[in-house]
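*Asks:* Have a look at the structure that comes next, please.
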Amino acid sequence: MYRIGIDLGGTNIAVGILNQEMKIVHRASIPTDLPQKPETLADRIAELVFQMLKETEIPAEAVISAGIGIPGTVNPHNGMVEYANNLDFIQVPFSKILGRFFPFPLYGVNDAKAAAWGEYVAGAGKGSSSMMMVTLGTGIGGAMIINGKIVDGFNFAAGEIGHMVIEHNGRLCNCGRRGCFEVYASATALVEEAERAALACRDSLLYKVQNGASEKINGKVFFDAVRKGDETAASVLEWFTGYLSVGICNLVNIFQPEILCIGGGISSAGEILFAPLREKVYPLVYSRDSEINTKIAGAKLGNDAGIIGAAGLESLNYFM
Ligand SMILES: [Zn+2]
Numbered sequence: 019m020y021r022i023g024i025d026l027g028g029t030n031i032a033v034g035i036l037n038q039e040m041k042i043v044h045r046a047s048i049p050t051d052l053p054q055k056p057e058t059l060a061d062r063i064a065e066l067v068f069q070m071l072k073e074t075e076i077p078a079e080a081v082i083s084a085g086i087g088i089p090g091t092v093n094p095h096n097g098m099v100e101y102a103n104n105l106d107f108i109q110v111p112f113s114k115i116l117g118r119f120f121p122f123p124l125y126g127v128n129d130a131k132a133a134a135w136g137e138y139v140a141g142a143g144k145g146s147s148s149m150m151m152v153t154l155g156t157g158i159g160g161a162m163i164i165n166g167k168i169v170d171g172f173n174f175a176a177g178e179i180g181h182m183v184i185e186h187n188g189r190l191c192n193c194g195r196r197g198c199f200e201v202y203a204s205a206t207a208l209v210e211e212a213e214r215a216a217l218a219c220r221d222s223l224l225y226k227v228q229n230g231a232s233e234k235i236n237g238k239v240f241f242d243a244v245r246k247g248d249e250t251a252a253s254v255l256e257w258f259t260g261y262l263s264v265g266i267c268n269l270v271n272i273f274q275p276e277i278l279c280i281g282g283g284i285s286s287a288g289e290i291l292f293a294p295l296r297e298k299v300y301p302l303v304y305s306r307d308s309e310i311n312t313k314i315a316g317a318k319l320g321n322d323a324g325i326i327g328a329a330g331l332e333s334l335n336y337f338m
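Numbering (this note's numbering), first residue to last: 19 to 338.
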């Protein structure tokens, strides 16, 4: 028996067919090509799914369920997309529109929550009672899972941890507030700070990279510079982990998750990022004197988390 996971992104739609062990046995993707009408988008996704089933000679009867992660606020009980900025959807019953194509049930949830669910069932949070996912990307996404349930909020909009203010009257965020977590601790914030520091420090490795014209500063280039001992890069990392630790510390104090899982492209930097972060967080969390404390760990599934989590939505007990 198989499950299907669909990760609907603003740029690409990635689909995976998973076996009973929740391993992806076949995958494919197509460009999202926005803007698109919901009906056209659903039609194209269904076509891709059926084409994949045909290629793998898996009959639709062998599919237990499918799930889709959608970049927006989604009511998982009826599949209504309340609001999705990227897709330009307001009150679109997208899971229902797409579900009509399939002879198996389709579940839909917010994409960050789908990725967190993937890490919870098959990645860094596997076997834990509670897990907080913090994804460092263009912004900061997040989701909290307690005892096998995603914390949704009464209107399914819970989990916007990127817009938790960590500096009163700080830098302006595109949400309208000042000093939001993601303005200081997202991957975008790291790269922007590194670019500023490079310009101010012309003998730094970061400046040489930036002005060699071969590459722009990105997460990989930045952490390479830290590894090579560049002092400017090291000071930017100190600044970044300072702000990141404030947000993480707040989240640990509020939720006390067993695992705090950090995802997003820059999390692949590993210990060079996590070690200074733990050093800043652990002495300050309210529970520091407890015998057991939250484990801060990197995400394990990378870009597959969204597909795996979507495929596993059936086990969340959301009913359609
Ligand atoms: Zn904000």
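Positions of the beta carbon are idealized from the N, C-alpha and C atoms, including for glycine. All values derive from a computational prediction rather than experimental measurement.
(1) Span of the alpha helix (DSSP H) holding I290?
(2) For ligand 2, is there any heavy atom lying closer than 6 Å to the beta carbon of C267?
(3) Measure from the alpha carbon of P56 to the alpha carbon of each residue in N165, S285, N104, V303, then state which is nearest.
(4) Inspect the CB distances between the stretch 146-158 and the stretch 30-50 and report whether three or more fall short of 8 Å.
(5) Counting Cβ pairs, one atom from each stretch, are 3 or more of them under 8 Å apart for the stretch 105-113 and the stretch 62-69?
(6) Do the stretch 293-311 and the stretch 116-136 touch if we need at least three Cβ pairs shorter than 8 Å?
(7) Is the number of C-beta pairs between the stretch 214-226 and the stretch 164-173 that are closer than 8 Å three or more?
(8) Excluding the 5 residues preceding and the 5 following N268 in the sequence, name in chain order all residues of the same chain whose CB lies nearer than 6 Å to its CB.
(9) Considering only the beta carbon of each residue, do A315 and A142 sit closer than 7 Å?
(10) Using DSSP bridges, identify the partner residues of G23.
(11) Is R189 near ligand 1 - that is, is its Cβ less than 6 Å away from at least one heavy atom of it?
(12) May I ask whether a heavy atom of ligand 1 can be found less than 6 Å away from the beta carbon of C193?
(13) What is the C-beta distance between G87 and L26, in whole angstroms, given that I count them as a contact (C-beta under 8 Å)?
(14) State the DSSP-derived secondary structure class of V169, mapped to helix, strand or coil.
(15) With distances taken Cα to Cα, identify the nearest neighbour of G180 among R245, D221, G247, L262.
(16) Rounded to whole angstroms, what's the CA-CA distance from N37 to P53? Just pull it up for me.
(17) I'd like to check one pair, A328 with G28: are the Cβ atoms closer than 7 Å?
(18) Residues in the same chain with beta-carbon distance under 7 Å from A252, minus the five sequence neighbours each way, listed in chain order, please.
(19) DSSP on R62, reduced to helix/strand/coil?
(20) Report the three-state DSSP secondary structure of L190 (helix, strand or coil).
(21) I need the straight-line Cα distance from L190 to W257, nearest angstrom please.
(22) So within the stretch 80-167, which uninterrupted beta strand (DSSP E) runs reach at least 3 residues, ignoring any that extend past its ends?
(23) Could you say which of P275, T91, A212 lies nearest to G171 if we only look at CA atoms?
(24) By DSSP's criteria, P77 is part of a beta bridge. Which residues make up the other side?
(25) Span of the alpha helix (DSSP H) holding S263?
(26) Could you give the first and the last residue of the continuous beta strand (DSSP E) run that contains I42?
(27) Relative to ligand 1, is the shortest distance from any of its heavy atoms to the C-beta of C219 smaller than 6 Å?
(28) Assign P121 to one of two classes, buried (16 or more other C-beta atoms within 10 Å of its C-beta) or exposed (fewer than that).
(29) With a cut-off of 8 Å on the beta carbons, I'd call D248 and S222 a contact; round off their distance for me.
*Replies:* This is what the structure holds:
(1) Element bounds for I290: 289-299.
(2) Ligand 2 is not part of the structure shown, which contains ligand 1 as its ligands.
(3) Checked all of N165, S285, N104, V303; the closest Cα to P56 is N104.
(4) Result no; under three Cβ-Cβ pairs closer than 8 Å.
(5) Because the criterion of three Cβ pairs below 8 Å is not met, the stretch 105-113 and the stretch 62-69 do not touch.
(6) Taking a cut-off of 8 Å on C-beta distances, the stretch 293-311 does not touch the stretch 116-136, as fewer than three cross pairs fall below it.
(7) No, they do not touch.
(8) Excluding residues within five positions, none has a Cβ falling inside 6 Å.
(9) Taking a C-beta distance under 7 Å as the contact criterion, A315 and A142 qualify as a contact pair.
(10) Answer is G34, G85.
(11) Because no heavy atom of ligand 1 lies under 6 Å away, the Cβ of R189 does not count as near it: no.
(12) Yes; taking the cut-off as 6 Å, the Cβ of C193 has a heavy atom of ligand 1 nearer than that.
(13) Correct: roughly 6 Å between the Cβ atoms.
(14) Three-state DSSP puts V169 in coil, outside helix and strand.
(15) Residue L262 is the option with its Cα nearest to G180.
(16) In this structure, the CA atom of N37 is about 33 Å from the CA atom of P53.
(17) Cβ distance not < 7 Å, so G28 and A328 don't count as in contact.
(18) Excluding sequence neighbours, A252 sits near V244.
(19) DSSP places R62 in helix when its eight states are reduced to three.
(20) Taken through DSSP and simplified to helix, strand or coil, L190 comes out as strand.
(21) The straight-line gap from Cα to Cα measures roughly 18 Å.
(22) The qualifying runs are 81-88, 91-93, 98-102, 107-110, 124-128, 148-154, 158-164.
(23) Per the Cα distances, T91.
(24) The bridge partners DSSP lists for P77 come to none.
(25) Membership of S263 in the alpha helix (DSSP H) is indicated by the continuous run 249-273.
(26) Looking at the DSSP string, the run of the beta strand (DSSP E) that includes I42 is 42-49.
(27) With a cutoff of 6 Å, C219 does not count as near ligand 1, since its C-beta is closer than that to no heavy atom of the ligand.
(28) Under this definition P121 is an exposed residue.
(29) Indeed they touch by this definition, with Cβ atoms about 6 Å apart.
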